[in-house]
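**Q** Below are the structure tokens for one structure; questions will follow.
In my numbering, the protein residues as written are 260 to 708.
Dropping the structure here:
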């Protein structure tokens, strides 16, 4: 019998062994490059406003109290309504670079740069979509919110940075379960630091543990608390996840208050040494709920969503010229992000695309706080975290648009975002203006005046 000839795989393509799908390359160099560009742009005229402006007048004195304490002087415990970590980080900048504009704002600049990088890494581990990650970095850099807050000594940028770090590590734990324990431990550390920067982080801080619980519950494990099998991180039991995502954040949060025990003067002892951590938090809650007088720039969440109410952080003759700093969202991307959110919601549910569902959920959770918060006077800067998720949704939608063959349209949105950033750059970076009425060149609607 004639021996069978070896099959010719070149002529039998259907019989070729299955090839693994091509994996997209990690855009980590793009993450570094875009973060570096953000840092460079945000450093332009970082110290030009040589006097404290907007809420720096509250947080700089609170940071200086730590400097006084380190120098051996007693100092009153001020700005008690907020946790300490953000003010401690501002104090660290002052300690390194002096009580100067550079010292005040260097740590916010670092935190803003970290936010860009960590947010891009979080999206990469969530969906492994190279174009979406790069687009997200461009949108964040040109989206106004992070740029403004990376240049001012306020607390919001520290909260954003630690939440972005937590999202990165949590997504990486799910993507790489072989290192899940370390990643979840880092997630818990970052959550605790976010809470210790500003309480606005609370809803998102809870979301990590709740999402782990929901995923494990959906896996239908019989030993729900102790089983190490199943999503979202195989090898980690629900009980252990509670330690990393619940106990560790609270422990880290409490530790950041340790310096507060030494804050106080001879006649005004520290409220921490008097009443303890729980007693202090009762006072903090009361201060947060206090009814404030109406403010010129107060706004409501529908105005944030539609980008119709801005805040002039600064507008006066300063450092030899008329200068201004206006907080609004990028007029292009803040509005385009809304249909992108709708797209992610519908397609995420239809296709069980968890990346899309995650950004929609993050937006809803971070914005939902302000629908129920007992804070009578609210401001547009509270939209900083919802805006991050909004831009993530837009980046994912642009990637889908590009994949459908509409590449030019996807790139046009990114170019438009960068172009709008360039148009507003003067009043984002405190550049010299022509005169006192120059604000009219950028206040296109009455709510931005």
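We put the CB at the ideal spot given by N, CA and C, even for glycine.
Considering Cα atoms alone, identify which of 689, 616 and 693 is closest to residue 406.
**A** Of the candidates 689, 616 and 693, the one whose C-alpha sits nearest the C-alpha of residue 406 is 689.
**Q** Apply the 10 Å Cβ neighbour rule to residue 512 and answer buried if 16 or more other Cβ atoms are within range, or exposed otherwise.
**A** Per the 10 Å Cβ criterion, buried.
**Q** Report the partner residues of residue 575 according to the DSSP bridge assignment.
**A** DSSP lists 582 as partners of residue 575.
**Q** Distance, Cα to Cα, residue 526 vs residue 686?
**A** In this prediction, residue 526 scores a pLDDT of 48, lower than 50, which makes its location untrustworthy; no coordinate-derived value is stated.
**Q** Do the stretch 643-661 and the stretch 593-609 make contact, defined as three or more Cβ pairs closer than 8 Å?
**A** At 8 Å Cβ cutoff, the stretches touch.
**Q** If we count the other Cβ atoms within 10 Å of its Cβ and call it buried at 16 or more, is residue 696 buried or exposed?
**A** Under this definition residue 696 is an exposed residue.
**Q** Straight-line CA distance for residue 303 to residue 538?
**A** Going by the C-alpha atoms only, they are around 43 Å apart.
**Q** So, under 8 Å CB-CB, residue 297 and residue 372 are touching, yes? Tell me the CB distance rounded to an integer number of Å.
**A** The pair is a contact, with the Cβ atoms about 6 Å apart (cut-off 8 Å).
**Q** With 9 Å as the threshold, decide whether the Cβ of residue 408 is near any Cβ in chain E.
**A** Checking the listed chains, one finds no chain E in this structure; it contains a single protein chain.
**Q** Can you say whether residue 666 is buried or exposed, counting buried as having 16 or more other CB atoms within 10 angstroms of its CB?
**A** That one is exposed.
**Q** What's the gap between the Cα of residue 382 and the Cα of residue 335?
**A** For residue 382 and residue 335, the distance between alpha carbons rounds to 42 Å.
**Q** Helix, strand or coil: which one does DSSP assign to residue 611?
**A** In this structure, residue 611 counts as coil in the three-state DSSP scheme.
**Q** Comparing C-alpha positions only, which one of 379, 708, 681 and 629 sits nearest to residue 568?
**A** Residue 708 is the option with its Cα nearest to residue 568.
**Q** Report yes if the C-beta distance between residue 657 and residue 391 is below 9 Å; otherwise report no.
**A** For residue 657 and residue 391, yes; Cβs fall inside 9 Å.
**Q** Give a yes or no on whether the C-beta atoms belonging to residue 672 and residue 648 are separated by under 9 Å.
**A** No, the Cβ-Cβ distance between residue 672 and residue 648 is not below 9 Å.
**Q** Nearest to residue 442 by alpha carbon, out of 544, 467, 670 and 458?
**A** The shortest C-alpha separation from residue 442 is found at 467.
**Q** Please give the ranges of any alpha helix (DSSP H) in the stretch 460-520, keeping only runs that are unbroken, at least 4 residues long and fully inside the region.
**A** Fully enclosed alpha helix (DSSP H) runs of 4 or longer: 461-477, 497-501 and 507-514.
**Q** Between 706, 412 and 389, which lies nearest to residue 349 when the distance is taken from Cα to Cα?
**A** Comparing Cα-Cα distances from residue 349 to each of 706, 412 and 389, the minimum goes to 412.
**Q** Going by alpha carbons, who is nearest to residue 434 out of 471, 470, 385 and 479?
**A** The shortest C-alpha separation from residue 434 is found at 385.
**Q** With which residues is residue 692 paired in a DSSP beta bridge?
**A** Answer by DSSP bridge pairing, in chain order: 581.
**Q** In three-state terms, what does DSSP make of residue 704?
**A** The answer is coil: DSSP assigns residue 704 none of H, G, I, E or B.
**Q** Residue 558 and residue 638 - do their beta-carbons sit closer together than 9 Å?
**A** Yes.
**Q** State the Cα-Cα distance for the pair residue 700 and residue 541, rounded to the nearest angstrom.
**A** Their backbone Cα atoms lie some 46 Å apart in a straight line.
**Q** Might you give, ordered along the chain, the residues of its own chain that have their beta carbon closer than 8 Å to the beta carbon of residue 337, omitting 5 neighbours on each side?
**A** Excluding residues within five positions, the ones whose Cβ falls inside 8 Å are 320, 321 and 324.
**Q** As a quick exercise: from 627, 587 and 351, pick the residue whose alpha carbon is nearest that of residue 560.
**A** That would be 627, whose Cα lies nearest to the Cα of residue 560.
**Q** Once DSSP output is grouped into helix, strand and coil, what is the label at residue 686?
**A** Residue state, collapsed to three classes: helix.
**Q** For the stretch 626-666, list the alpha helix (DSSP H) runs that are entirely contained and at least 4 residues long, ordered along the chain.
**A** With a minimum length of 4 residues, the continuous alpha helix (DSSP H) runs that stay inside the stretch 626-666 are 643-662.
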